[in-house]
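Each residue of the sequence shown is one higher than the one before, counting from 1 in UniProt numbering.
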Amino acid sequence: MTSNGERAFVSGRPPRDPDTPVFRARKEIPALDLYIDVTRTKPAVLQNYWQRTLVFVGLATILFLTVINAAIRARRQSTQLAQALRTSERHRERIRVAQSEFDAIFENVGDGLIVYNDNNKLHRSNRKARELMGVSSDIEAVQKLRGMVPPFSQMDEDVAVHRIQITTAENESVAVQCRVMKLHLHGDYIAYNVLQDISAEERLVAARTAFVTSVNHELRTPLTSLAGSLEILHDRFGDSMPKNAGKLLSMATRNADRLLVLVNDILTLQAIDQRQLSIQTERVAVSEVLSEAIAANTGYGVNRDVQLDIHTGPDAAQEAYVRVDTVRMQQIFSNLISNAVKYTPRGGTVKIGAEVDDQWVTFYVCDAGPGIPRAAHDRMFKRFADPVHSRENQANGTGLGLAITRELVLRQDGDVSFETRSEEDGDENPGTTFYVRFARDTDAAPKQGASA
């Protein structure tokens, strides 16, 4: 309305009941010389009030529910976080216990342990290693060892073994075997070294060598003389002796021969273990090898009433050659043939022969004995192996023949195997065949080779 009382404009003037209560409000605007006169009915004012109240209550409810939900989620997350912290603490405790156990084992293990890497950021040793190296700290142990072995970064293989001589704090010289393992961890290479004091072992080897040397001198020579004397006595006076005396003489001869074989086997194993076994290979005809084997072992078969026969395959008519040590070959055949004769029944036959193809020559010795039980197959070439047969089928022996045979064959780049049918396993036609295979020599040029 203006100052003279006239309406400037009218907004929303609905018809109303004259009896309806009315609320009025006036606002003056002096600058414009106006005032605003607002008139609302009571129902309209109440309706607006309740609308605003409902909106406010709705918003408040939504806000309250939002706050409650956030609180619940926060509570849940807090609970989960607390559980995670407790789990983490348990894991941390387990790690700490495991670390303590590892440290205790590492520190107190019987072998010396030294671990380091190329950039010198890792250096650790245990008590035994520090004692062997004669130092008091990990860094000193690592530095001393690195001066004794080649840099592990130059290792061609992942494992290398070195023999080192260490002077201890007591000024004693100790022989130590250092086994270096090159490990790749977390993008870096580390050297894991295991140190073993082998002084006692080397003293034992030296004592064994001295013992074998003594056996060679004190037993082999008189046994050879004794066996020869008994054989001469049997040949010259065996027919004129009383029957019981002849039996005793034969028994003494067999036992002397058995002892001589045992001594020779021990000496051969000693030479093999110390890498002193001399192998002199030469080009020799297969037929010559077989003939010498038959000639050297026929007497053994005759004494047990077992015949030795040479059997040749369809390709043997074409002369073949191998490059072997003839002396060692006869030792191989003596071991195989003697075993075959022992297990072949009296009046039986041991077949000895060779199969020839373009690349290989395979010698074989076949008997008609009881066969080898399947349970004993994996220990046939082991030294001093347990008896493979039942008591009624087991023959006397040192348990060294097949072990020596395998070593002699391998040293000549050959291989040895066997096939068998065992009566103890219920197989028909029992018997055993040993095979010794060498590469066929097609080079006619006469050359010799030596190895140890």
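Ideal Cβ positions, reconstructed from N, Cα and C, are used throughout, including at glycine. Predicted model, so just to flag it, every value in this text is computed and none were measured.
For residue i, the residue or residues it bridges with in DSSP
| i | result |
| --- | --- |
| THR438 | The displayed chain sequence assigns Phe, not Thr, to residue 438. For PHE438, which the question treats as bridged, DSSP gives the partners VAL361. |
| SER173 | THR167 |
| PHE23 | ARG40 |
| ASP197 | VAL176 |
| ALA160 | VAL180 |
| residue 485 | With the chain covering only 1 through 452, there is no way to say anything about residue 485. |
| GLU282 | VAL324 |
| GLY353 | HIS311, TYR364 |
| TYR192 | VAL115, MET181 |
| TYR35 | GLU28 |
Cα-Cα separation, residue i to residue j
| i | j | result |
| --- | --- | --- |
| THR209 | ASP273 | 10 Å |
| HIS91 | VAL67 | 35 Å |
| ASP239 | GLY348 | 27 Å |
| VAL436 | SER153 | 43 Å |
| ALA60 | GLN77 | 25 Å |
| VAL194 | ILE332 | 39 Å |
| GLN276 | LYS121 | 45 Å |
| GLN307 | THR433 | 16 Å |
| ALA207 | THR420 | 40 Å |
| ALA44 | ALA84 | 59 Å |
| GLU201 | HIS184 | 32 Å |
| THR253 | PRO222 | 13 Å |
| VAL149 | PRO370 | 55 Å |
| LEU410 | LEU336 | 15 Å |
| LEU81 | ARG94 | 20 Å |
| VAL263 | ARG220 | 6 Å |
| LEU400 | GLN143 | 47 Å |
| residue 454 | TYR300 | Nothing in the structure corresponds to residue 454, since the chain is present only between 1 and 452. |
| GLU231 | LEU269 | 27 Å |
| TYR49 | ALA71 | 32 Å |
| ARG86 | THR79 | 11 Å |
| VAL322 | VAL284 | 6 Å |
| PHE102 | ASP413 | 46 Å |
| ALA317 | ASN429 | Any reading at ALA317 is ruled out, since the residue's pLDDT is 45, under 50, leaving its predicted position unreliable. |
| ASN146 | TYR192 | With the sequence shown as reference, residue 146 is identified as Arg, and Asn is not the correct amino acid for it. Looking at the two C-alpha atoms, the distance is approximately 12 Å. |
| PRO242 | ALA227 | 21 Å |
| VAL212 | ALA271 | 10 Å |
| ASP265 | THR298 | 21 Å |
| SER250 | GLY431 | 29 Å |
| GLU157 | ILE310 | 48 Å |
| LYS182 | ARG406 | 33 Å |
| ARG374 | GLY426 | 11 Å |
| SER100 | PHE106 | 10 Å |
| ALA129 | ASP378 | 39 Å |
| ARG236 | LEU248 | 15 Å |
| SER214 | VAL327 | 24 Å |
| LEU46 | PRO21 | 12 Å |
| PHE381 | ALA98 | 44 Å |
Best match in the options for proximity to residue i [C-alpha to C-alpha]
| i | options | result |
| --- | --- | --- |
| HIS186 | GLY134, ASN117, GLU172 | ASN117 |
| GLU288 | ASP415, MET329, ILE166 | MET329 |
| PHE384 | ILE404, GLN80, ALA375, PRO373 | ILE404 |
| ASN303 | TYR321, SER334, SER278, ARG346 | ARG346 |
| ALA320 | LEU290, SER334, ASP309, SER125 | LEU290 |
| ILE198 | GLY110, GLY147, SER225 | GLY110 |
| LEU267 | HIS217, LEU226, GLU282, ALA245 | HIS217 |
| THR281 | ASN108, ASP325, ALA104, ASP309 | ASP325 |
| VAL174 | ASP156, VAL180, GLN196 | GLN196 |
| ARG203 | LYS42, ASN171, VAL176, ASP235 | VAL176 |
| PHE23 | GLY58, PHE381, ARG40 | ARG40 |
| VAL159 | TYR189, GLY58, LEU65 | TYR189 |
| THR442 | LYS247, SER214, VAL286 | VAL286 |
| HIS162 | GLU140, CYS178, ASP305 | CYS178 |
| ASP305 | VAL261, SER278, GLY58, VAL350 | VAL350 |
| ARG127 | PHE56, GLY112, THR224 | GLY112 |
| ILE279 | LEU408, LYS27, ARG124 | LEU408 |
| VAL261 | GLY246, ALA245, THR224 | THR224 |
| LYS42 | ALA25, VAL57, LEU32, PRO30 | ALA25 |
Proximity test, Cβ basis, 7 Å: residue i and chain C
| i | result |
| --- | --- |
| ARG203 | This model lacks chain C altogether, as it is built from one protein chain only. |
Along the chain, which unbroken stretches of the beta strand (DSSP E) at least 3 residues long are found entirely within the region 112-154?
-> 112-117, 123-125
Stretch pair the region 165-178 + the region 128-136: three plus CB contacts closer than 8 Å = yes
Say whether the region 364-372 touches the region 334-348, bearing in mind that this needs 3 or more beta-carbon pairs closer than 8 Å, one atom from each stretch.
-> yes
Taking contact to mean at least 3 C-beta pairs separated by less than 8 Å, is the region 413-427 in contact with the region 351-359?
-> no
For the 8 Å Cβ check, are there 3 or more pairs between the region 254-261 and the region 293-301?
-> no
Ranges of the alpha helix (DSSP H) found wholly within the region 189-270, counting only runs of at least 4 = 199-215, 221-237
Can you check the region 45-122 for any beta strand (DSSP E) of at least 3 residues that lies completely inside it and give the ranges in chain order?
-> 112-117
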